[in-house]
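Only one structure is covered here, and it is reproduced in the block below.
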Amino acid sequence: MVWPNGLAIDAAGRTLYAADSYNGTVWAVPTSGDPAKIWLNGPALAADPDGSPPLGVNGVRFHKGAVWVSNYSQGKLLRIPVTAHGAPGRVHTVADNIPDFDDFAFLNNHSDTVFAAQNDPTDRVSVVHPNGTHETALTVDDDLASPTTTAVRGNQLYIANAGFNAPHDAKLQRGTINLHALTPHLRHH
281 MVWPNGLAID AAGRTLYAAD SYNGTVWAVP TSGDPAKIWL NGPALAADPD GSPPLGVNGV
341 RFHKGAVWVS NYSQGKLLRI PVTAHGAPGR VHTVADNIPD FDDFAFLNNH SDTVFAAQND
401 PTDRVSVVHP NGTHETALTV DDDLASPTTT AVRGNQLYIA NAGFNAPHDA KLQRGTINLH
461 ALTPHLRHH
């Protein structure tokens with residue numbers, strides 16, 4: 281059984297990376313039409329054996345020369361550099377202890393700040409800073425309903441909610457990012 285989930289394409293547009301959440305694998309799919317191949321698998325991408333549901337690698341993004349992935353049941357954000365030959369480098373844990381970590385988006389192409397969608401039962405969006413620290417930004421009190429992914433455009437944050445639980449309110453939400461609060465070191469006095 282294969283469970284394709286997150287997708288990301290490299291900067292050159294030559295390789296599509298696909299997360300297989302069930303098998304803890306990232307696939308590389310050449311855009312030329314050549315066959316897909318296992319790019320990386322292993323314990324860092326696998327599901328926590330005690331986790332429920334048993335989902336491992338989930339969200340995938342290509343960012344600044346690396347494949348970044350979330351691991352749902354391990355609650356981790358991982359960065360995997362892509363070598364000059366397209367092979368995976370050593371897996372780096374950027375952040376952990378992010379329960380039910382579904383998918384994510386970067387603040388922009390230059391920043392390693394991430395908006396993490398944390399699905400049911402956690403039901404929140406967290407900001408993950410480049411140093412691995414993270415903080416809750418939105419919760420069910422902000423009308424979240426099983427957030428599955430985030431997207432950023434300028435200072436707008438978009439959140440897709442699956443509405444898994446009653447009243448099954450699947451929806452897309454939008455909010456404004458306080459960029460000044462996210463980048464206090466850039467403030468001019």
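Just add 280 to the spot in the sequence shown (first one is 1) and you have my numbering. Just so you know, even glycine gets a beta-carbon here, dropped at the ideal spot from N, CA and C.
| query | result |
| --- | --- |
| What span of residues does the beta strand (DSSP E) with residue 462 cover, start to end? | Run containing residue 462: none in the beta strand (DSSP E); it sits in the alpha helix (DSSP H), 459-462. |
| Counting Cβ pairs, one atom from each stretch, are 3 or more of them under 8 angstroms apart for the region 287-297 and the region 306-313? | yes |
| To the nearest angstrom, report how far apart residue 300 and residue 459 are at their CA atoms. | 33 angstroms |
| In this structure, does DSSP put residue 380 in helix, strand or coil? | coil |
| Out of curiosity, what's the CA-to-CA distance linking residue 323 and residue 347? | 16 angstroms |
| In the structure shown, what three-state DSSP assignment does residue 420 receive? | helix |
| Looking at residue 388 and residue 339, is the spacing between their C-beta atoms short of 9 angstroms? | no |
| State the beta-bridge partners of residue 356 as determined by DSSP. | 351 |
| According to DSSP, is residue 486 part of a helix, a strand, or is it coil? | Nothing about residue 486 can be read from this structure; the chain reaches only from 281 to 469. |
| By DSSP, does residue 285 sit in helix, in strand, or in coil? | strand |
| Going by Cα to Cα distance, which pick from 383, 392, 412, 411 is closest to residue 405? | 383 |
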